[in-house]
Structures are given as C-alpha cells and as structure tokens.
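Residue numbers (full-length UniProt numbering): 1 to 294.
For glycine and all other residues, C-beta sits at the position ideal for the given N, C-alpha and C.
Computed from a predicted structure; not experimentally measured.
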C-alpha cells in the first residue's frame, strides 16, 4: 500500500520539572528533507533524531519542532542553602583576615548574598535533560505520523486507481477509433498514390508506394495504445507493491504523457484527437496526485 507524504503528528510529555510539545509536519518533496528545530540543550542529540526519522521515511519534507518549557512549580525561585551558607562562611573568614591586617569591611546584607551566583535557582534550570522520555515521545509521534501517511495514502490509492481506469477506458476507445479509420486511411493512400502517379512524370511506382506505406506506418497509433495499456498494468502493480513507489510512478507518468502526445500528433481524425486530449487531461491530473506519493 502506498503512503502519502502529507501528514501531521503531535505529542506532549513531562519529566524532571520540564514539559514539552513535539510536532511533526510533512509535505511532498523529491527526496527526504528533514528540518529540525530543537532547543539548545537538545542539539547534541540532533543526529539521533535524524537517524530515527530517516529509518522510518524515505521521501518527503519533514519538519520537526520540539518546544520545552519549565513547569510552573519547578520554575519558582528557591534558595540553595548550601551555597548560601558557603558564601556567608567565606565572608566571615574574609572579615577576620581583613581585621588582622587592619582593614575594615562593610557588613553585607542578606540581599547582597541573594544576588550571588547559585544562591537562587530553579529546579528545572539545573535539571538534567530527560532525553529518554523525549525520545519516547518522538517514537510515538513517528508512529502517529506514519499512520496518517498510510491513511492519506489509502485515500490517494482510490483516486489513482480510478484515474488508471479512465486511462484504460480511453485507450480502449482510441483503439476502436483507430481500427474504424483504417479503411478510410487505405482509401486516402490509394487516392494519393494515383494523384502522384498522374502528376509526376517518370515516378517510380514502387518507390512511391513504399513512401506512402511508410506514411501509413507513421500514422498507426496501435503501438502507442498498447504501451498505454502496458503502463496502466505497471502502475497498478506498483500500487499493489510494498514500500516507496513514488519515484517509479513519477517516471511512468512521463511515459504516459509521451504516448498521449504521440497519439494526438498521429491521430489524423477529429474523434481520435479528442480522445487523445481527454487522455492528456486525465494523465495531467494523475501526475499531480503522484507528486504526493512517497
């Protein structure tokens, strides 16, 4: 079953005084384009995140954003008593030394100590980054993201199969129309041959007949119709297969378009030209849809 490259997933989590939101968004791309927005404290784990994504997805533009916030209770300021006491003891020792050498120091207030580094802190600011829980959230987001891509792919599969059925039907109509015009083509060739022989002195009848026969072959669209039908079968086989098939389908769409263009240029009959144009319209619509297949 095919997967779409369009998807969205979001997970949340909390641990060690931190809460986070992880979002993934996907759109179509020719290859795999991973764009990460991680907090500074998660930068060292960027490669691990990329590895997880690349193992699960082959194509698509995937944007991942991780936002981490301190929980309200954890972000409240707290006094680190050990640090505060260490500063006070150091100050007392400093005053003793100053007194011994004849210096007088101004008494420090409690507020002075509060402004020193490490005396006031938040638990979250000093907390170790909860990497494992965040990675577990990433795995959950990846699973949801992949599930949505499969769900979108299932809907896309229905559309593509309907378009393939239209192409097969139009190819069948083209085959019927091409067969019906053969007597007219034969008569036209005979008329042209007679006209050339009557108006060109010394013309080699065999050579003229050979040239007209070559024109008849060039006007034959049976090969283009056969290839269109073969391409339909190949596309259906790709839709039935497992794994990413977007690139192969994209190549097939180029082949579909080439055969339809050739059929239109060789048609020589209004009804066959109209069928060829209808084919081109369906193929263009299908090509747009294929751009979103992984």
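Where do the N-terminal and C-terminal ends of the alpha helix (DSSP H) with residue i fall, by residue?
i, result
"residue 172", "131–180"
"residue 242", "Careful: residue 242 lies outside any alpha helix (DSSP H) and carries neither H nor E."
"residue 287", "270–290"
"residue 82", "81–100"
"residue 112", "110–114"
"residue 54", "46–56"
Could you check if residue i is buried or exposed, using at least 16 other CB atoms within 10 Å of its CB as the buried criterion?
i, result
"residue 81", "exposed"
"residue 225", "buried"
"residue 118", "exposed"
"residue 12", "exposed"
"residue 285", "exposed"
"residue 93", "exposed"
"residue 160", "buried"
"residue 263", "buried"
"residue 145", "buried"
"residue 158", "exposed"
"residue 230", "exposed"
"residue 222", "exposed"
"residue 98", "exposed"
"residue 175", "buried"
"residue 279", "buried"
Report back the beta-carbon spacing between residue i and residue j to the nearest angstrom; my notes put them in contact at under 8 Å.
i, j, result
"residue 148", "residue 42", "Contact flag wrong, Cβ pair sits at about 24 Å."
"residue 48", "residue 24", "About 16 Å; that fails the 8 Å criterion."
"residue 177", "residue 271", "5 Å"
"residue 152", "residue 7", "6 Å"
"residue 131", "residue 113", "That pair is no contact at about 35 Å."
"residue 54", "residue 133", "The Cβ separation is near 22 Å, so there is no contact."
Taking 7 Å as the threshold (C-beta atoms), are residue j and residue i in contact?
i, j, result
"residue 293", "residue 246", "yes"
"residue 26", "residue 62", "yes"
"residue 143", "residue 228", "no"
"residue 52", "residue 244", "no"
"residue 173", "residue 275", "yes"
"residue 22", "residue 141", "yes"
"residue 110", "residue 91", "no"
"residue 239", "residue 248", "no"
"residue 252", "residue 235", "yes"
"residue 34", "residue 77", "no"
"residue 164", "residue 4", "no"
"residue 181", "residue 260", "no"
"residue 242", "residue 290", "no"
"residue 267", "residue 273", "yes"
"residue 95", "residue 105", "yes"
If you follow the beta strand (DSSP E) that residue i is part of, which residue opens it and which one closes it?
i, result
"residue 12", "7–15"
"residue 28", "Here residue 28 belongs to no beta strand (DSSP E), and DSSP marks it neither H nor E."
"residue 62", "60–70"
>> With a threshold of 8 Å, are at least 3 pairs of Cβ atoms found where one atom belongs to the region 26–39 and the other to the region 55–67?
In response: yes
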